[in-house]
Amino acid sequence: MSDVAAINAALNSPNRQFSLERTRNIGIAAHIDAGKTTTTERILFYTGLIHKIGDVDDGNTVTDWMEQEKERGITITSAAVTCFWTQKKDEGIFKSREGLAHRVNIIDTPGHVDFTAEVERSMRVLDGAVAVFCGVAGVQPQSETVWRQATKYKVPRIAFVNKMDRTGANFKNALDDMRKKLGAYAFPIYLPIGAEDRLAGLIDLVNQKALYWGEGDVTNEGLKYEVRDLVGPQIEEAQEALQELIDAVSNKDDSIAELVLEEKPITAPVLKAAIRRLTCKIELIPVLCGSAFKKKGVQCLIDAVIDYLPSPIDIPAAQGLAPDSLEKVEVPPDDNAKFCSLAFKLWTDAYAGKLVFFRVYSGQLKKGDTIYNPRTRKRERVSRLMVIQGSERKDVDSVYSGDIAALVGLRNIITGDTLCNEDYEITLEPPTFPEPVISMAIEPKTKADQEKMSIGLQRLAEEDPTFKVFTNEETGQLIIAGMGELHLEIIRDRLKREFSVEADAGAPQIAYRETITSAAEGEGKWIRQSGGRGQYGHACIEIEPNEKGKGVEVLNEIVGGAIPREFIGAVEGGIREAIKSGVYAGYQVIDVKVKMVDGSFHEVDSNELAFRMAGIFAMKDAFSKAGPILLEPVMKVEATTPDEYQGDILGDINRRRGIIQGVDAKNGQTILSAMVPLAEMFGYATAIRSLSKGRASYSMEPNNFEQVPNSVLAGILDVAKKKGAARS
Ligand code: GDP
Numbered sequence: 092m093s094d095v096a097a098i099n100a101a102l103n104s105p106n107r108q109f110s111l112e113r114t115r116n117i118g119i120a121a122h123i124d125a126g127k128t129t130t131t132e133r134i135l136f137y138t139g140l141i142h143k144i145g146d147v148d149d150g151n152t153v154t155d156w157m158e159q160e161k162e163r164g165i166t167i168t169s170a171a172v173t174c175f176w177t178q179k180k181d182e183g184i185f186k187s188r189e190g191l192a193h194r195v196n197i198i199d200t201p202g203h204v205d206f207t208a209e210v211e212r213s214m215r216v217l218d219g220a221v222a223v224f225c226g227v228a229g230v231q232p233q234s235e236t237v238w239r240q241a242t243k244y245k246v247p248r249i250a251f252v253n254k255m256d257r258t259g260a261n262f263k264n265a266l267d268d269m270r271k272k273l274g275a276y277a278f279p280i281y282l283p284i285g286a287e288d289r290l291a292g293l294i295d296l297v298n299q300k301a302l303y304w305g306e307g308d309v310t311n312e313g314l315k316y317e318v319r320d321l322v323g324p325q326i327e328e329a330q331e332a333l334q335e336l337i338d339a340v341s342n343k344d345d346s347i348a349e350l351v352l353e354e355k356p357i358t359a360p361v362l363k364a365a366i367r368r369l370t371c372k373i374e375l376i377p378v379l380c381g382s383a384f385k386k387k388g389v390q391c392l393i394d395a396v397i398d399y400l401p402s403p404i405d406i407p408a409a410q411g412l413a414p415d416s417l418e419k420v421e422v423p424p425d426d427n428a429k430f431c432s433l434a435f436k437l438w439t440d441a442y443a444g445k446l447v448f449f450r451v452y453s454g455q456l457k458k459g460d461t462i463y464n465p466r467t468r469k470r471e472r473v474s475r476l477m478v479i480q481g482s483e484r485k486d487v488d489s490v491y492s493g494d495i496a497a498l499v500g501l502r503n504i505i506t507g508d509t510l511c512n513e514d515y516e517i518t519l520e521p522p523t524f525p526e527p528v529i530s531m532a533i534e535p536k537t538k539a540d541q542e543k544m545s546i547g548l549q550r551l552a553e554e555d556p557t558f559k560v561f562t563n564e565e566t567g568q569l570i571i572a573g574m575g576e577l578h579l580e581i582i583r584d585r586l587k588r589e590f591s592v593e594a595d596a597g598a599p600q601i602a603y604r605e606t607i608t609s610a611a612e613g614e615g616k617w618i619r620q621s622g623g624r625g626q627y628g629h630a631c632i633e634i635e636p637n638e639k640g641k642g643v644e645v646l647n648e649i650v651g652g653a654i655p656r657e658f659i660g661a662v663e664g665g666i667r668e669a670i671k672s673g674v675y676a677g678y679q680v681i682d683v684k685v686k687m688v689d690g691s692f693h694e695v696d697s698n699e700l701a702f703r704m705a706g707i708f709a710m711k712d713a714f715s716k717a718g719p720i721l722l723e724p725v726m727k728v729e730a731t732t733p734d735e736y737q738g739d740i741l742g743d744i745n746r747r748r749g750i751i752q753g754v755d756a757k758n759g760q761t762i763l764s765a766m767v768p769l770a771e772m773f774g775y776a777t778a779i780r781s782l783s784k785g786r787a788s789y790s791m792e793p794n795n796f797e798q799v800p801n802s803v804l805a806g807i808l809d810v811a812k813k814k815g816a817a818r819s
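Numbering (my numbering), first residue to last: 92 to 819.
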């Protein structure tokens, strides 16, 4: 039986073939263009999954299976791919497991920040990550974002400094960058031999050996590396770096510190085991290097994934909330425990239909079993289970704790749902997602497509929690909102491809937010007396700023029946309606605490509608007295330019209300970082190109919301007034 056949047999076996210790769930995270796709591709090649190396530039890589991704060359959705790796004798640290394959699930995390939701959701289900950096550019802003997310979700990491073959590549600079910008306790475990077009191989510090790759055509043979003794200056360089590594480890690990104190030898397996302990605790970042493109260093990277990144049992058990007490409970990675898993990704597959990617935290699941969704309180039967190996889909009979797989054909599940055993109703904490910063009106090219479009957009919103769709109450227009222009462009693209609806979109609009700066009281009355039965609603409220990020809270503090209980819901409904469509300039209200405190009613004339209107008016009244302000999304921008254009680009950023945060020189280029309001960034791609004759580049990502300055506010309120949305 071939390796692949054996593995397939194993996958279909009723008993788990890959023990938990031999399972790795990893993500490969990077700034766009750092080489994440190429690295993933090479890993899949070496692990025997694909037999022809696909280069990103040809647009045929395994993970980039979405059509648009092929065209754009960026990985948008996180595909979970399963592969297998057997360490060579004497190379792994798990002597007992030599010759046994490890199963590695790679969850592809996108590098483009327009897709932060994808990164967030995949981080939640990873046990470890490989952070890929570009050997020329070092730490770029999106790598910083992804790093922060990995820290937030406590994901242990190893770093791979890629593109060491490129002109300008500098391993030491990239390492310094990691320490400086990310504050990482990062130490090399490999050093490059040569760099740029003279990159010949790597020095393995732990084993004090030199590894050389041939120039390597695409055959297996050409990709093998040769292990040689260190020679000449390599010897001293490698010893110094090893000493630095041992010192770094002994600072944090008592057993190594003891050996150092007693001046006892530290063998390779002992050192490796210590590096593993520290990496799993996120106290150390082992750093590797190489060139994914030139196929140098990839095997070392996969070995390091096995050696240093945790298996599901090397990290603290996932935590969930018990249904009634809401107390934290552990979900142990144990096949014999009750089933508990997290749905982290919805995907409509052209062949298999609707797939729900899920990570099993505890227990096991077999075809034919029933799963329970605590959010919907619904049970569903599992008719088909699938594991994805690149573009191939393999049906499996069962999945075990620590596995990542896909459920086929289940409805009513959204990203972040817990799927569990009915008598073990635990809710795992779903990932958190950032708020949309941009919106646009959308309408189908042909009126007949209206319904099809709504269904399509709803479906896409279920898949992607940072994508929102809603109707503008005043204009009746359908509005889509997301994390950036590219994000919404791709949504329209998918609408066309997957739902056959062509849509026109309006100009992108900034998703401003409204909030208040002080407390105030407000009163709303809706009293009509016209012939027969009249209308009577009257509500008094108090509002105050709520803690940042806390959203809107509406509390009922009405005593003594000033408003009868049956109408309180209507008052709250009115308040919430005003909040949703904005009070000041027609934008959503955030971070406000509202208390319903008083009111009055009429025995005959009071009804729901009248109290709803009273709620709306009370909110408008209070809000306008509470120092309302408008907030705008601010982007973190990094521009890289040859020195001669620095002045022009700085001037331009200033004109865009930007605040410069830093100007750094690197490899003959200037790197400018700045905070710039998103409203000023439309058309920036063209602007920076013409300012620099096409030689400067930039990237940006949402950073925070800030108050819109008065000089700009008037213009926005004017536009809002014309649209009839402003109410102040
Ligand atoms: P991603 O956006 O992080 O997925 O990056 P890709 O893997 O798509 O790579 C971006 C570009 O860099 C492509 O043109 C790759 O061929 C190229 N690239 C990736 N890795 C290397 C490398 O190790 N060396 C060189 N010279 N180019 C690379």
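Built from N, CA and C at the ideal position, the CB exists for glycine as well.
For residue i, verify whether its CB is less than 7 angstroms away from any heavy atom of the ligand GDP.
{"i": "GLY706", "result": "no"}
{"i": "LYS127", "result": "yes"}
{"i": "ASN828", "result": "The structure shown does not extend to residue 828, since the chain is modelled only from 92 through 819, so no value can be given for it."}
{"i": "ALA265", "result": "no"}
{"i": "ALA121", "result": "yes"}
{"i": "ASP809", "result": "no"}
{"i": "ARG257", "result": "yes"}
{"i": "ASP124", "result": "yes"}
{"i": "ALA339", "result": "no"}
{"i": "PHE109", "result": "no"}
{"i": "SER591", "result": "no"}
{"i": "GLN382", "result": "For the record, residue 382 in the displayed sequence is Ser; it is not Gln. Yes, since a heavy atom of the ligand GDP falls inside the 7 angstroms radius drawn around the Cβ of SER382."}
{"i": "LYS385", "result": "yes"}
Using beta-carbon positions only, say whether residue i and residue j come within less than 8 angstroms of one another.
{"i": "ALA713", "j": "ALA602", "result": "no"}
{"i": "GLU211", "j": "TYR276", "result": "no"}
{"i": "GLU648", "j": "VAL683", "result": "no"}
{"i": "LEU369", "j": "ASP344", "result": "yes"}
{"i": "HIS629", "j": "SER691", "result": "yes"}
{"i": "GLY226", "j": "LEU293", "result": "no"}
{"i": "ILE779", "j": "ILE740", "result": "yes"}
{"i": "ALA669", "j": "MET704", "result": "no"}
{"i": "VAL662", "j": "PHE702", "result": "yes"}
{"i": "SER432", "j": "CYS371", "result": "no"}
{"i": "ASP514", "j": "GLY625", "result": "no"}
{"i": "ILE479", "j": "VAL172", "result": "yes"}
{"i": "GLU729", "j": "TYR789", "result": "yes"}
Following the continuous alpha helix (DSSP H) through residue i, name the residue where it begins and the one where it ends.
{"i": "ILE366", "result": "359-371"}
{"i": "ASN745", "result": "737-746"}
{"i": "ASN342", "result": "324-343"}
{"i": "GLU657", "result": "656-672"}
{"i": "LYS813", "result": "801-813"}
{"i": "GLU132", "result": "127-137"}
{"i": "MET766", "result": "Here MET766 belongs to no alpha helix (DSSP H); instead the beta strand (DSSP E) covers 760-768."}
Please classify residue i: is it buried, with 16 or more other beta-carbons within 10 angstroms of its beta-carbon, or exposed?
{"i": "ARG107", "result": "buried"}
{"i": "ARG583", "result": "buried"}
{"i": "ASP595", "result": "exposed"}
{"i": "GLY785", "result": "exposed"}
{"i": "VAL645", "result": "buried"}
{"i": "ALA572", "result": "buried"}
{"i": "PHE109", "result": "buried"}
{"i": "ASP809", "result": "exposed"}
{"i": "ASN261", "result": "buried"}
{"i": "PRO377", "result": "buried"}
{"i": "LEU700", "result": "exposed"}
{"i": "SER609", "result": "exposed"}
{"i": "PRO535", "result": "buried"}
{"i": "VAL396", "result": "buried"}
What residue does the beta strand (DSSP E) around residue i start on, and which one ends it?
{"i": "GLU644", "result": "643-647"}
{"i": "ALA409", "result": "409-412"}
{"i": "MET531", "result": "529-535"}
Does the beta carbon of residue i fall short of 7 angstroms from some heavy atom of the ligand ZN?
{"i": "ILE751", "result": "Among the ligands modelled here, namely the ligand GDP, the ligand ZN does not occur."}
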